[in-house]
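The opening position of the sequence shown corresponds to residue 0 in numbering that gives the first Met the number 0, with each subsequent residue numbered one higher. Quick reminder that beta carbons are idealized off the backbone N, C-alpha and C, glycines included. Structure first, commentary second.
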Amino acid sequence: MDFLYRTRPSSVTESDLLRSLLADRVVGALIGSALGDAIGLYTEFLSAAESQKAYPHKRFILSTVSSPNSQDQVNQTPFKLDDHHAQHTPGDWTDDTDHCLLILLSFLHTARTPGPGVASLKPVPISLDDGYGTTFAVAIVVQPLPTPMDLANRLSIWVQCGLRPLDTLPLGLGLLVADVVNSPDFLRDPIRVAREYWERKTAPNGDKLAPNGSLMRTAPVGLMCVWRSEEETFTLAAELGRVTHADPRCVVACVIGSALVRRLVRGEVDSEGDITHLIQRGQQWYRSRGVNMVGAVKEAGLDERELWRHVGPEVTLKDLKLDEEGKIGYVYKTLGAGVVLLRMAMRERMKADGPRETQERYERLITQLVMEGGDADTNACFAGALLGALLGRMALPDHWKDGLNHGKWLKGKTRALCQVLGLEDGRYNGMDDLDTYPEGGRGVLSREEMSRRWIELDERVRRKMEDA
């Protein structure tokens, strides 16, 4: 890839460094999201008080580490066992990361690195936060973006038999996603089906449903749109979000979340003011464009005061009441959790210089978030993507990365993403990667086979609970 500098003479070494910088943030966002998910699983569905009682040391270990004050080894943190957590093994991610991967794999399936017969776009300018005000351009390959229909197909397969490339079960399936995806017409017109579901259903208190299931999967949109415009990012985020979640609050949360990831990777978020301005642009885009998309909900608005009560510059984690009974899955809570943690990280950004200090900051902030309980895996999945995009892969704690189940596989997909974005050398063609096919190259499991697997899981859970 050729990078064209416009402010000072460049060299091959500088070009490689700039590519590496963006790749570092892409990796940080994608793996950081999975790590947040895995750590959040520890306190998912617990209150803050229950989280404190279950994990009084407020530290989570995914792989064995040395104690800082002795030669002793600190082992992997076990779950507080209950019927929910007994389904998992420490280091697992949940449905949140699975659904992120459905979008990523959809993108990778039709993506390829430059080669004969592959047209490139004109150079795309980008300014970097590198201390020099450097602007450069990169010639990139035209990569098709995921479509709502392809995501709907992949979600249907996931609901039926899990993430096929890894042969894992669809654990954590939410009620809204289950009902929408299992609707007879879902594969023909998912956006219409999602809207009709929204029109029929209300929460127990009479409010319209606005859960966080579309926001949790949106981070890859910001990554695949890193060379595209903010307008394109807003549009794709809204289109993919509305496949299951029609409420305007869900749509604007996806719009804001995806655009934040994109701008963080590009180094275009230098202050808390930049965060605030992006949120305002997302609101404005929805009011002028999003509400006029085909099939968009027009009967309800964004409830903008409610939005700013969750993402404003003075909001704290305590203010969000993340463990509020009956409301833990509210989309503005998850959006707020990510934005608040990002603001906290921005305030500390210049306090640490080395890898150890940066990892300590990422770990401390994510841990502080998950100790609030509630829908902790989803909150930390989204927040982990934002912090990873801001701080890069260097910030991800080694003992979390080393203990992430399927971490090697995820690292390979992350590298493929960097290659097709022109940020790393190498050849990749998604059509040659069976993992990117909707069935993951394994086919769809029969109902009989799935029934057998659920019975086996129930037996493992029973044994775990008896042993405990």
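For T435, the residue or residues it bridges with in DSSP: Partner(s): none; T435 has no beta bridge.
For M249, the nearest candidate out of V290, L222, G411 (CA to CA): Reading off the sequence shown, one finds Cys at residue 249, where the question assumed Met. Ranked by how close their Cα comes to the Cα of C249, the residues V290, L222, G411 have V290 in first place.
A336 vs V260 beta-carbon contact at 9 Å: No. Outside cutoff.
Beta carbon of A85 nearer than 9 Å to that of V460: Yes, Cβ-Cβ distance for A85 and V460 is below 9 Å.
K407, enclosing alpha helix (DSSP H) - first and last residue: Secondary structure note for K407: its alpha helix (DSSP H) is the uninterrupted segment 406 to 419.
Selected residue, minimal CA-CA separation from A236, among P312, L321, D178, T146: Ranking P312, L321, D178, T146 by Cα distance to A236 puts T146 first.
Simplified DSSP assignment, three categories, for V141: Note: V141 maps to coil in three-state DSSP.
Pair within 9 Å by beta-carbon distance, M148 and T377: Cβ distance not < 9 Å, so M148 and T377 don't count as in contact.
R262 and D273 closer than 9 Å at C-beta: Pairing R262 with D273 gives a Cβ-Cβ distance under 9 Å.
Interface flag, S62 vs chain C, CB-CB below 9 Å: Protein chain content of the structure displayed is limited to a single chain, and chain C is not contained in it.
The segment 149 to 163 in contact with the segment 185 to 203 per 3-pair CB rule at 8 Å: The segment 149 to 163, when compared against the segment 185 to 203, does touch it at the 8 Å Cβ threshold.
Cβ-Cβ separation, V242 to L154 (assumed contact under 8 Å), whole Å: Their Cβ separation, rounded to whole angstroms, is 7 Å, which keeps L154 and V242 in contact under 8 Å.
Through-space distance from S32 to I38, alpha-carbon basis: Taking the straight line from one Cα to the other gives about 10 Å.
The segment 196 to 212 touching the segment 401 to 415, judged by at least three CB pairs closer than 8 Å: No, they do not touch.
Minimum C-alpha distance to S19 - residue among H56, P396, R392: Residue R392 is the option with its Cα nearest to S19.
Sheet register partners of K463 (DSSP bridge): Per DSSP, K463 has no beta bridge partner at all.
The alpha helix (DSSP H) enclosing N152, as first and last residue numbers: Start and end: 147 to 160.
DSSP-derived helix/strand/coil call for N211: Reduced to three states, the DSSP call for N211 is coil.
Under the three-state DSSP convention, the category R248 falls into: Taken through DSSP and simplified to helix, strand or coil, R248 comes out as helix.
Burial state of I454, where buried means 16 or more other Cβ atoms lie within 10 Å: Classification for I454: exposed.
Distance between beta carbons of Q75 and L61, contact taken as under 8 Å: That pair is a contact at about 6 Å.
Pair within 9 Å by beta-carbon distance, H108 and D432: Yes, the Cβ-Cβ distance between H108 and D432 is below 9 Å.
Under 9 Å between C-beta atoms of V220 and C253: Contact annotation: V220 and C253 have beta-carbon atoms nearer than 9 Å.
Runs of alpha helix (DSSP H) lying entirely within the segment 36 to 115, each at least 4 residues, in chain order: Fully enclosed alpha helix (DSSP H) runs of 4 or longer: 47 to 53, 94 to 108.
Option nearest V268 by Cα separation, candidates A382, R280, L389: Taking only the C-alpha atoms, the option nearest V268 is L389.
Proximity to T366 [Cα-Cα], best of G353, E347, R348, P396: Taking the Cα of T366 as reference, the smallest distance to any Cα among G353, E347, R348, P396 is reached at P396.
Backbone secondary structure at N428 - three-state DSSP: Three-state result, N428: strand.
Check whether L316 and L386 have beta carbons under 9 Å apart: Not a contact, by the Cβ cut-off of 9 Å.
Continuous alpha helix (DSSP H) stretch holding L172: start and end: Bounds of any alpha helix (DSSP H) do not take in L172, whose DSSP letter is neither H nor E.
Close beta carbons around L45, own chain, < 7 Å, minus the five adjacent residues each side: A53, G372, listed in sequence order.
C-beta atoms of L420 and L21 nearer than 9 Å: Between L420 and L21, the C-beta spacing is below 9 Å.
Top-ranked residue by Cα proximity to E229, from T201, A379, W408, L277: Looking at the Cα atoms, L277 is the closest of the given residues.
Under the three-state DSSP convention, the category T217 falls into: Of the three classes helix, strand and coil, the one that applies to T217 here is coil, per DSSP.
Residue range of the unbroken alpha helix (DSSP H) whose run includes I327: No alpha helix (DSSP H) contains I327, which DSSP labels as neither H nor E.
Distance between E448 and E238 (C-alpha atoms, nearest Å): Each residue's Cα considered, the two are about 33 Å apart.
DSSP beta-bridge partners of T201: Its beta-bridge partners are K207.
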